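**Q** 100 is the number of the first residue of the sequence shown in my numbering; add one for each residue after it.
Each residue gets a CB set at the ideal place from its N, CA and C atoms; glycine is no exception.
Source: prediction; values computed, not measured.
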Amino acid sequence: MSGNGASSSSLNMISGEDVANNNLSALVVDDSPLLRLLHDIHLKKYGLKVQVAENGKVAVDLFHLGASFDLVLMDKEMPVMNGVE
């Protein structure tokens, strides 16, 4: 796999059973309220539990509080702390 993404060997596979049993959670991090809402609606259609954050600092704070997610969708350019930081 090329680019900056994780290699396929480092990714955990998600089964249809996980999705069907509502065992998956997602974090959507974006400074746009509209995009947060759209991602929230779309992911919930597939049975994911969704939490949203308006910037990278809020997302990092969630992790420091012990939150864990199976999927993180993060905007690359945001105020306060962006997706790269």
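Please classify Lys143: does DSSP put it in a helix, a strand, or coil?
**A** The answer is helix: DSSP assigns Lys143 an H, G or I state.
**Q** With 16 as the cutoff for other CB atoms within 10 Å, does Val127 come out buried or exposed?
**A** Buried: at least 16 other Cβ atoms inside 10 Å.
**Q** Taking C-alpha atoms, which residue in His163, Ala152 and Lys144 lies nearest to Leu133?
**A** The shortest Cα separation from Leu133 among His163, Ala152 and Lys144 belongs to Ala152.
**Q** Between which two residues does the beta strand (DSSP E) holding Ala125 run?
**A** Where Ala125 is concerned, the enclosing beta strand (DSSP E) stretches over Ser124 to Val128.
**Q** When DSSP labels each residue in this structure, what does Lys156 get in the three-state scheme?
**A** Helix at Lys156.
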